[in-house]
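As they're listed, the protein sequences go chains A and B.
Just so it is clear: in the first sequence, position 89 is 89 by our numbering, and no numbers are missing.
To convert a position in the second sequence, counted from 1, into our numbering, add 1000.
Yeah, the Cβ is synthetic: ideal placement off N, Cα and C, and Gly gets one too.
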Amino acid sequence: MTGPALTALAPYIVLAGGTTLMLLAVSFVRRGPVTLGMTLAVLLGTLGSIGFAANAGTQHVDSFLLVDGYAHFFTALFVLAAAATAVLTHGYVDRRAAQREEFYILLLTATLGAMTMAAAAHFGAFLLGMEILSISLYAMIAYPDRERAPLEASIKYLVLSGVASTTILFGMALVYGETGTMVFAQALGSDGSVLLRVGQGMILAGLAFKLSLVPFHMWTPDVYQGAPAPVTGFVATVSKGAVAALLLRYVATTEVLSLESLFFGLSLIAVVSMVAGNVLALLQDNLKRLLAYSSIAHMGYLLIAVLAVASAAGTEMAAETGMVYLVGYFVMTLAAFGVMTVLSADDDVEDLADYEGLFWRRPLLAAVLAGAALSLAGIPLTVGFIAKFYLFAAGVQGSLWLLVWALVIGSAIGVYYYLRIVFSMTKQMEAGDETAPTWWGPATVVVLGAAIVVMGVYPTPLIDAAREAIRAFGG
Amino acid sequence: MNILALILLMLGAGAVAGLSERIHPAAPKWISLATFIVTLTWVGAFMVGGGYANQYIPWIPRFGISIVLSMDGLSQLLVALTLFLGIVAVVSSWTEIKERPGFFQFNILWVMAGVVGVFTALDLFLFFFFWEVMLIPMYFLIAIWGHEDKAYASMKFFLFTQISGLLMLFAILALVYLHYSATGVITFNYYDLLDADLGGDIAFYVMLGFFVAFVVKLPGVPFHTWLPDAHTQAPTAGSVILAGILLKTGAYGLIRFVVPLFPEASADFAGWAMFLGALSILYGGFMAYSQSDFKRLVAYSSVAHMGFVLLGVFAFYEVAGSLVVNELAVQGAVVTMVAHGFSTAALFMMAGSLQERLHTREMSNMGGLWTRAPRMGAVTMFFVVASVGMPGLGNFVGEFLVLVGAFKANIPLTVAGALGVVVAAVYGLYLMQRSFQGTPNADVPSMRDFGLREMSVMVLMMAGLVWIGIHPQELLDLSAPVVQTLWVVLP
């Protein structure tokens, strides 16, 4: 490993080192605010080191990791999402768990896993990142030890996610057997034999499971509902975002979608996810389950970016679409779960009925949730619209007509249930005088809400950042 | 004139009005009223000065998207109408809204800002942006301050507009992309896209995407079903804005975008569009006649009146073997838009005033109201005959021009449209008879007549209709340059 490679790895080193220090620190100081402060310091340090690491340019760390602008872009995104999650968790988990300090450490390791996935260029890094992330998540989901639902959700996630991981592993073995390499760039081989196709198909299926795409989506509503609200937000964003980042790079580097059967299969999964996710979301009365089905649909939308890689739209447009889309999806999803977390400080507030009259009781939180819902629906003025616009653009440019039609139909169905959230908040109720027990939770949520609008009205900086990050993408 | 500043002023005033509720419950409506008066004066002064405003600011260079705002005669006319009806909307809800007045005025100002944007944006992305900006505040107006069935009505309104909006977005992107693949330039600028040369079949489907979005908003049969519910359930100010302004955005879209961007496809489709127009006129008229709800009747009459717009805009006719845009009929459509804005806004305001006083919209619970409130009776009479199309008032000029123009294009459909005028007389007079004439209903409590506040806006609208009816030339001069640019000869 060379000097520049070490420079490029700075964010990973800072985060891993910081996590280790925290492991030691929590053995001595067990006070919530201090742990939170240390967590934020580590995350901030990681974020700051990206600038330093970017000086090294694109670096291949052996053939294991490819640390480039794309990886840095997602590192920044994951770290910010983790920071938001950390702040939101404070005041939520400590009422539900006897020991709260280790939660933050799990959060950091999960983030490290996600970052590794975004930079993976090798099956080893792929699996390593994915397992670091997943194993941290099992514990995070089950963290509240005074309740049953989180434990149940965690076991479900453990079993099903384990199956997905082994499927991916099996697929990798088949691909390795055919090509003799574990490096993405050579993982297609030349002839596209049956075993290779099966192997690649298994890898994609496993990833589809992690992205909760139909028909691998069964775990999603239960896990979303059972997990603590801030963790659900984290699973919905960082966990899926890391898989999506990896999938985009994997597809772009291996050109696996040039195999028509896989392209067709993934298209089918995308269409079914968009439609089924939205239709099933219509039937939900629990906000967490509703958002779970909505996320199934959103991951279906995201596949348009993935499939655009192998279309006339080209790799760069596809990657740019995926990045912008994921940023939008992160912000609006975190905002929605953030509001839920803030409201659930004492008791879980999950049923749609509990949100009635929120506009009059807690106008600021309600405005943020309304913004998040409208953004998820893709209404202009919000970042969700920019994201959806990108999908449309990539789909039209790539002539993926079937997918664009599914996007139109899915979005049309989606408007109904997103609007239900907004409507139930406007229902007239006697105004109560509720105040938040903390200020930092609402503050985080308001920042996220502002981000939805600012990036929706003036997306140019976001677009520029994404384009800057992918200048050397796919190479 | 700085159009962006105008829009930002309205958005900012909306935010201020929303917050001012904490100072005094009456503050929002005064702020709102003042904003509309100031902006109307601003636009009015610009119109008197004559000229053409244009603004260009880069926005999202990645996709060739810029803020292109411009105000030619047609836009000036519609923006002025918008701001004027803003005053009407605020005045008509002066005493009606007791809950959350701040948020109410916020929504009014934002919906109007969106409409001003729609009437001035000449970048297709920006246009779509404003198209959707008007949607959410309108949804809130219906969903929060609406009447008994507001949940259903607001949801239906939103779904119809949003889904058709998605179709339009799809069509916009297809247009931009086709232009991009032909020229290598990615742009959403209206003027650049005017030159886009699309293949025949694709152009037709792209045109259809725009057409459906605008006809849903217009609304034309068979996409009208959201309208009776939304209009009936909306609070008075909401109905005034919906009928007076939002429907016009659909008509404006047809004139500004569908015909110029896709002249050939539009000409191909003209027969069907005119058929839908004539169908809307007759169907809307018959449905209006069969209503017992005052507001619903007026709502259906809007479907009929907007049918004339559809009939006029698509009345392409043949000159020496080529199809040309029908200047007379399009001018008629523009006049109809303005006149209908006044007459329907007034009738909805009347419906709202009656509901506020009698707590009912059912005409069977009314009757003989003229004796109790003579001023209201006279005002209603005026606007009913105006909307029926009495010569000397604005609506007549519009419908007459449309019919004269359309006669050159398609005689059977023009005859059908003309029959609609007869139907209009039937339902108009029926409305008058059932509510204001006849034996006074003993159960009806005594009610307050219109005061100075209501009468002043009513008189202004009456003056507007008389002015258009007697001297329409100035209005026609304003929109003529725009309509003439549409005048392209097609093979």
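Given residue 1246 of chain B as reference, the closest of B:1260, B:1232, B:1227, B:1257 once Cα atoms are compared: Within the second sequence, numbered from 1, the residue matching residue 1246 of chain B stands at position 246. For the residues B:1260, B:1232, B:1227, B:1257, the minimum Cα distance to residue 1246 of chain B belongs to B:1227.
What residue from A:361, A:286, A:225 has the CA that sits closest to residue 351 of chain A's CA? Walking along the first sequence from the start, residue 351 of chain A turns up at place 351. If we check each option's Cα against that of residue 351 of chain A, A:286 comes out closest.
Nearest-angstrom Cα separation, counted from residue 75 of chain A out to residue 7 of chain A: Translated into positions along the first sequence, residue 7 of chain A becomes position 7. Translated into positions along the first sequence, residue 75 of chain A becomes position 75. Using only the alpha carbons, I get a separation of about 15 angstroms.
Starting from residue 252 of chain A, follow its DSSP beta bridges and name the residues at the other end. Reading the first sequence from its first residue, position 252 is the one you call residue 252 of chain A. None; residue 252 of chain A has no bridge partner.
Where residue 122 of chain A falls, given that 16 or more other Cβ within 10 Å makes a residue buried: Looking up residue 122 of chain A in the first sequence gives position 122. Buried is the call here.
Determine, using beta carbons only, whether residue 31 of chain A and residue 97 of chain A come nearer to each other than 8 angstroms. By 1-based counting over the first sequence, the position of residue 31 of chain A is 31. By 1-based counting over the first sequence, the position of residue 97 of chain A is 97. Going by C-beta atoms, residue 31 of chain A is not nearer than 8 angstroms to residue 97 of chain A.
Considering only residues of the same chain and omitting the five flanking positions on each side of residue 1470 of chain B, which have a CB-CB separation below 6 angstroms? The residue given as residue 1470 of chain B occupies position 470 in the second sequence. Excluding residues within five positions, none has a Cβ falling inside 6 angstroms.
Have a look at A:411, A:278, A:306 and flag the residue whose alpha-carbon is nearest the alpha-carbon of residue 264 of chain A. As a working mapping, residue 264 of chain A is identified with position 264 in the first sequence. Looking at the Cα atoms, A:306 is the closest of the given residues.
With a threshold of 8 angstroms between beta-carbons, can residue 999 of chain B be considered close to chain A, or not? As displayed, chain B neither begins before 1001 nor continues past 1491, which places residue 999 of chain B out of reach and without an answer.
Under a three-way DSSP split, which group does residue 1092 of chain B fall into? Taking the second sequence and counting its residues from 1, one reaches residue 1092 of chain B at position 92. In the structure shown, residue 1092 of chain B sits in a helix (DSSP, three-state: H, G or I).
DSSP three-state assignment for residue 424 of chain A, whether helix, strand or coil: Here residue 424 of chain A refers to the residue found at position 424 when the first sequence is read from its first residue. Reduced to three states, the DSSP call for residue 424 of chain A is helix.
Whether or not the stretch 1372 to 1381 of chain B and the stretch 1275 to 1295 of chain B are in contact is what I'm after, with contact meaning three or more pairs of Cβ atoms, one per stretch, closer than 8 angstroms; do they touch? no
Identify, in the order they occur along the chain, each residue of the same chain with its Cβ nearer than 8 angstroms to the Cβ of residue 1446 of chain B, setting aside the five sequence neighbours on each side. Working through the second sequence from its first residue, we reach residue 1446 of chain B at position 446. 1372, listed in sequence order.
Positions along the stretch 1126 to 1149 of chain B whose CB lies within less than 9 angstroms of some CB in chain A: 1128, 1129, 1130, 1131, 1132, 1133, 1135, 1136, 1139, 1140, 1143, 1144
Using a cut-off of 8 angstroms between C-beta atoms, extract the partners of residue 412 of chain A located in chain B. What you label residue 412 of chain A is simply residue 412 of the first sequence in a count that begins at 1. Within 8 angstroms Cβ-Cβ: 1159, 1162, 1163, 1166.
8 angstroms Cβ cutoff met for residue 273 of chain A and residue 213 of chain A: Translated into the one-based positions of the first sequence, residue 273 of chain A becomes position 273. Translated into the one-based positions of the first sequence, residue 213 of chain A becomes position 213. Closer than 8 angstroms, so yes.
Where does residue 274 of chain A sit, in a helix, a strand or coil, going by DSSP? On the first sequence, residue 274 of chain A is found 274 positions in, with the first residue counted as 1. Of the three classes helix, strand and coil, the one that applies to residue 274 of chain A here is helix, per DSSP.
Measure from the C-beta of residue 1430 of chain B to each C-beta in chain A and report whether the shortest distance is under 8 angstroms. For the purposes of this step, residue 1430 of chain B is identified with residue 430 of the second sequence, where counting begins at 1. No - not a single Cβ of chain A is within 8 angstroms of the one on residue 1430 of chain B.
Run down chain B in chain order and give the residues with a C-beta less than 9 angstroms from the C-beta of residue 73 of chain A. Mapped onto the first sequence, residue 73 of chain A falls at position 73. Within chain B, no residue comes near residue 73 of chain A; the closest Cβ sits about 16 angstroms away, beyond 9 angstroms.
Could you please give the first and the last residue of the uninterrupted alpha helix (DSSP H) stretch that includes residue 1190 of chain B? Within the second sequence, residue 1190 of chain B is the residue found at index 190, counting from 1. Element bounds for residue 1190 of chain B: 1190 to 1194.
With a Cβ-Cβ cutoff of 8 angstroms, do residue 461 of chain A and residue 386 of chain A count as a contact? As a first step, residue 461 of chain A is located in the first sequence; it is residue number 461 there, counting from the start. As a first step, residue 386 of chain A is located in the first sequence; it is residue number 386 there, counting from the start. No, these two residues do not count as a Cβ contact at 8 angstroms.
Less than 8 angstroms between the CB atoms is what I'm expecting for residue 1078 of chain B and residue 1248 of chain B, so what's the real figure, rounded? To locate residue 1078 of chain B, count along the second sequence from 1; it is residue 78. To locate residue 1248 of chain B, count along the second sequence from 1; it is residue 248. Confirmed, about 6 angstroms.
Run the CB neighbour count on residue 1138 of chain B, radius 10 Å, all protein chains shown included, and call it buried at 16 or more, exposed below. Position 138 of the second sequence, counted from the first residue, corresponds to residue 1138 of chain B. Classification of residue 1138 of chain B: buried, given that the 10 Å Cβ count is 16 or more.
Could you pull out every residue in the same chain whose Cβ sits closer than 7 angstroms to the Cβ of residue 1107 of chain B, ignoring the five residues on either side in sequence? Numbered from its first residue, the second sequence carries residue 1107 of chain B at position 107. So the qualifying residues of the chain are 1137, 1140, 1141.
For the stretch 1090 to 1105 of chain B and the stretch 1009 to 1024 of chain B, state whether three or more C-beta atom pairs, one from each stretch, are separated by less than 8 angstroms. yes
In whole angstroms, give me the CA-to-CA distance for residue 276 of chain A and residue 297 of chain A. Position 276 of the first sequence, counted from the first residue, corresponds to residue 276 of chain A. Position 297 of the first sequence, counted from the first residue, corresponds to residue 297 of chain A. So the alpha carbons of these two residues sit roughly 7 angstroms apart.
From the beta carbon of residue 1401 of chain B, is the nearest beta carbon of chain A less than 8 angstroms away? The residue you call residue 1401 of chain B lines up with position 401 of the second sequence. Cβ-Cβ to chain A under 8 angstroms: no for residue 1401 of chain B.
Does any residue of chain A have a CB that is nearer than 8 angstroms to the CB of residue 1060 of chain B? Taking the first residue of the second sequence as 1, we reach residue 1060 of chain B at position 60. So yes, residue 1060 of chain B belongs to the interface.
Going by the CB atoms, is the gap between residue 1065 of chain B and residue 1188 of chain B shorter than 8 angstroms? Your numbering for residue 1188 of chain B matches position 188 in the second sequence. Your numbering for residue 1065 of chain B matches position 65 in the second sequence. In contact: residue 1188 of chain B and residue 1065 of chain B (Cβ atoms closer than 8 angstroms).
Helix, strand or coil at residue 182 of chain A according to DSSP, with G and I counted as helix: Counted from its first residue, the first sequence places residue 182 of chain A at position 182. Residue 182 of chain A falls in the coil class under three-state DSSP.
Across which residues does DSSP place residue 41 of chain A in a beta bridge pair? For this step, residue 41 of chain A is matched to residue 41 along the first sequence. In the DSSP output, where bridge partners are listed per residue, residue 41 of chain A has none listed.
Closer than 8 angstroms, CB to CB, is residue 1155 of chain B near chain A or not? Numbered from 1 along the second sequence, position 155 holds the residue referred to as residue 1155 of chain B. Interface residue, yes.
For chain A, check one thing: does any of its Cβ atoms lie closer than 8 angstroms to the Cβ of residue 1276 of chain B? Here residue 1276 of chain B corresponds to residue number 276 of the second sequence, with the count starting at 1. No, because no Cβ of chain A sits closer than 8 angstroms to the Cβ of residue 1276 of chain B.
Spatial neighbours of residue 1033 of chain B in its chain, beta-carbon cut-off 8 angstroms, leaving aside the 5 residues before and after: As a position in the second sequence, residue 1033 of chain B is number 33, starting the count at 1. Cβ neighbours of residue 1033 of chain B beyond the five flanking positions: 1087, 1090, 1091.
Which residues, in chain order, does the stretch 1010 to 1034 of chain B contribute to contact with chain A at a C-beta distance below 8 angstroms? none
Contacting residues, own chain, Cβ-Cβ under 7 angstroms from residue 93 of chain A (five flanking each side not counted): The count along the first sequence starts at 1 and reaches residue 93 of chain A at position 93. Taken in chain order, the residues that qualify are 100, 103, 143, 144, 228.
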